[in-house]
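Below is one structure; the comments refer to it alone.
Protein chains in written order, with this note's numbering: chain U, 2 to 202; chain E, 42 to 231.
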């Protein structure tokens, strides 16, 4: 367990979430912080960011938090298009690469599923998922799980209808330029973030 | 077949609905949801927490919450009652030994303020098994006819073959569609 925080991978950048969130700062500061964060988000180059909180309470939750696997399916027939395999804790220390058959772009509906475990109880667990195209956020999803049972393993499957074909970019244009960033929070405390870069093959 | 097809038929837009799926362990909650998405059901493990399916279509979001049914997890069910639009209760029709236990759990759920008045669908699952009780026998055994404070329905089904699943889900979605189309007279305790 300990090694999780020691083996600083190259890809990992520690964010300052623990410092900027959770405190009772006045709203102007908070607004400025949000604004800063938003601008930083807009300027995020090619890949998103991987980070681990510095807050001790959030760190305890993070220590006991594991993303077990992720997958993507054709939601019409349940067919598996991509599986992450068992990455365990590395899932939120390294950028994953998903090589997905280009056929998925013609699927009418696509499913993305993420499976995670938590040793600690959480009262207001939530997730933010952002899809980046060449570093620009083109889609975002928020989900409130609320309560998380201590020692539980849980999954969230999201099924999304595809955009009309005319709006669709080609596999060549998208391949390697799309990243899916999934961040987890307990209330305002940032816990962990995973990053998947999508290649269409 | 499937939840997506159902969702496409819905009239409303710009709304969110939440279905809560409960029942004893091994009743087949997760399998039902997987089968509805045409997914492989051969390697399903006991749920040690929750499984959520979020379906999004035309601004309408349907969130289906499947919570583990083991005895140690049941005390946590109440953490997931808020804002629920319909309850789906799954029964293993072949588990005669635990029919009373499942009846007690259901009875407790029906007394919860946060679940008051919402439509209830009971899936009498595992009809593919030879010793499965018929839906009408379960209905009788659990005194379902005494439920008068909500719309309810019992649907015989087999998560294994898929039989009855679509019918059951159609009933649920139709009921929440109607409930929400009417005036929002139903106040949910916070």
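We treat Cβ as the ideally placed atom computed from N, Cα and C, and that holds for glycine.
Using C-beta distances below 7 Å, list every residue in its chain close to residue 82 of chain U, excluding the 5 sequence neighbours before and after it, in chain order.
Residue 82 of chain U sits at position 81 when you count from the first residue of the first chain. Answer for residue 82 of chain U: 73, 74, 75, 101, 102 and 105, listed in chain order.
Residues of the stretch 158–190 of chain U in Cβ contact with chain E at a cutoff of 8 Å, in chain order, please.
158, 159, 160, 161 and 162
For a test of the three-state rule: what should DSSP assign to residue 105 of chain E, helix, strand or coil?
Position 64 of the second chain, counted from the start, is the residue given in the question as residue 105 of chain E. Three-state result, residue 105 of chain E: strand.
To the nearest whole angstrom, what separates the beta carbons of residue 110 of chain U and residue 163 of chain U, a pair I think is in contact under 8 Å?
For the purposes of this step, residue 110 of chain U is taken as residue 109 along the first chain, with counting starting at 1. For the purposes of this step, residue 163 of chain U is taken as residue 162 along the first chain, with counting starting at 1. The pair is a contact, with the Cβ atoms about 6 Å apart (cut-off 8 Å).
Three-state secondary structure assigned by DSSP to residue 189 of chain E
The residue given as residue 189 of chain E occupies position 148 in the second chain. DSSP, reduced to helix, strand and coil, places residue 189 of chain E outside both helices and strands of the structure shown, so it counts as coil.
Which class does residue 147 of chain U belong to by DSSP, given the choice of helix, strand or coil?
Here residue 147 of chain U refers to the residue found at position 146 of the first chain. Three-state DSSP puts residue 147 of chain U in a strand.
Run of the alpha helix (DSSP H) containing residue 180 of chain E, from where it starts to where it stops:
Translated into positions along the second chain, residue 180 of chain E becomes position 139. Counting along the chain, the alpha helix (DSSP H) containing residue 180 of chain E begins and ends at 176–182.
Are the beta-carbon atoms belonging to residue 196 of chain U and residue 128 of chain U less than 8 Å from one another?
Position 195 of the first chain holds residue 196 of chain U. Position 127 of the first chain holds residue 128 of chain U. Cβ atoms of residue 196 of chain U and residue 128 of chain U: not closer than 8 Å.
Would residue 199 of chain E count as contacting chain U if we go by Cβ distances under 8 Å?
If you number the second chain from 1, residue 199 of chain E lands on position 158. For residue 199 of chain E, the answer is no, since every Cβ of chain U falls outside 8 Å of its Cβ.
For residue 88 of chain E, count the other beta carbons within 10 Å of its own beta carbon; 16 or more makes it buried, fewer makes it exposed. Which is it?
Here the question's residue 88 of chain E lines up with position 47 in the second chain. The residue in question, residue 88 of chain E, is buried, as its Cβ has 16 or more Cβ neighbours within 10 Å.
Per the DSSP calculation, residue 87 of chain U is bridged to which residue(s)?
Against the first chain, residue 87 of chain U aligns to sequence position 86. Paired residue(s): none; residue 87 of chain U is not in a bridge.
Along the stretch 136–148 of chain U, what residues have a CB closer than 9 Å to any CB found in chain E?
142, 144, 146, 147 and 148
8 Å Cβ cutoff, residue 122 of chain E in contact with chain U:
Here residue 122 of chain E refers to the residue found at position 81 when the second chain is read from its first residue. Not closer than 8 Å to any Cβ of chain U, the Cβ of residue 122 of chain E fails to qualify, so no.
Residue 146 of chain E versus residue 183 of chain U: straight-line alpha-carbon distance, rounded
Against the second chain, residue 146 of chain E aligns to sequence position 105. Against the first chain, residue 183 of chain U aligns to sequence position 182. If I take the Cα positions, the gap works out to 36 Å.
Is the beta carbon of residue 77 of chain E closer than 8 Å to that of residue 62 of chain E?
The count along the second chain starts at 1 and reaches residue 62 of chain E at position 21. The count along the second chain starts at 1 and reaches residue 77 of chain E at position 36. Here residue 62 of chain E is not near residue 77 of chain E, since their CB atoms are 8 Å or more apart.
Residues bridged to residue 138 of chain U (per DSSP):
For the purposes of this step, residue 138 of chain U is identified with residue 137 of the first chain, where counting begins at 1. Answer is U:133, bridged to residue 138 of chain U.
Between E:46, E:71 and E:85, which lies nearest to residue 93 of chain E when the distance is taken from Cα to Cα?
If you number the second chain from 1, residue 93 of chain E lands on position 52. Taking only the C-alpha atoms, the option nearest residue 93 of chain E is E:71.
Is it buried or exposed, residue 107 of chain U, if we count other Cβ atoms within 10 angstroms and call 16 or more buried?
Residue 107 of chain U sits at position 106 when you count from the first residue of the first chain. Exposed: under 16 other Cβ atoms inside 10 Å.
Which partner residues of residue 62 of chain E appear in the DSSP bridge assignment?
The residue given as residue 62 of chain E occupies position 21 in the second chain. DSSP output for residue 62 of chain E lists E:107 and E:129 as bridge partner(s).
If you reduce the DSSP assignment to three classes, tell me which class residue 169 of chain U lands in.
For the purposes of this step, residue 169 of chain U is taken as the residue at position 168 of the first chain. It is coil, neither helix nor strand.
CB of residue 112 of chain E within 8 Å of CB of residue 160 of chain E, strictly
Counted from its first residue, the second chain places residue 112 of chain E at position 71. Counted from its first residue, the second chain places residue 160 of chain E at position 119. No, Cβ-Cβ distance for residue 112 of chain E and residue 160 of chain E is not below 8 Å.
Which word fits residue 135 of chain U, buried or exposed, when buried means at least 16 other C-beta atoms lie within 10 angstroms of its C-beta?
In the first chain, counting from the first residue as 1, residue 135 of chain U sits at position 134. Exposed is the call here.
With a threshold of 8 Å between beta carbons, is residue 62 of chain U in contact with chain E?
For the purposes of this step, residue 62 of chain U is taken as the residue at position 61 of the first chain. Cβ-Cβ to chain E under 8 Å: no for residue 62 of chain U.
I'd like the span of the beta strand (DSSP E) that includes residue 98 of chain U, first residue to last.
The sequence position of residue 98 of chain U within the first chain is 97, counting from 1. Unbroken beta strand (DSSP E) run through residue 98 of chain U: 96–101.
Rounded straight-line distance, which links the Cα of residue 69 of chain E to that of residue 117 of chain E:
Translated into positions along the second chain, residue 117 of chain E becomes position 76. Translated into positions along the second chain, residue 69 of chain E becomes position 28. C-alpha separation (whole angstroms): 19 Å.
Run through chain E and tell me which residues come within less than 7 Å of residue 154 of chain U, C-beta to C-beta.
By 1-based counting over the first chain, the position of residue 154 of chain U is 153. Per Cβ cutoff of 7 Å: 89 and 90.
Extent of the continuous alpha helix (DSSP H) to which residue 145 of chain E belongs
Locating residue 145 of chain E in the second chain gives position 104, counting from the first residue. Looking at the DSSP string, the run of the alpha helix (DSSP H) that includes residue 145 of chain E is 140–151.
Using a C-beta cutoff of 8 Å, does residue 78 of chain U count as contacting chain B?
Structure shown: chain B not included; protein chains present are U and E.
Taking only beta-carbon atoms, is residue 110 of chain U less than 8 Å away from chain E?
The residue labelled residue 110 of chain U in the question sits at position 109 within the first chain. At least one chain E Cβ lies under 8 Å of residue 110 of chain U.
Cβ of residue 150 of chain U within 8 Å of any chain E Cβ:
Walking along the first chain from the start, residue 150 of chain U turns up at place 149. Output row for residue 150 of chain U: interface = yes.
Answer with yes or no whether the minimum CB distance from residue 141 of chain E to chain U is below 8 Å.
As a working mapping, residue 141 of chain E is identified with position 100 in the second chain. Interface criterion not met: the Cβ of residue 141 of chain E is under 8 Å from no Cβ in chain U.
Quick check: what's the CA-CA separation for residue 63 of chain U versus residue 154 of chain U?
In the first chain, the residue the question calls residue 63 of chain U occupies position 62. In the first chain, the residue the question calls residue 154 of chain U occupies position 153. Spanning the two alpha carbons is a distance of roughly 14 Å.
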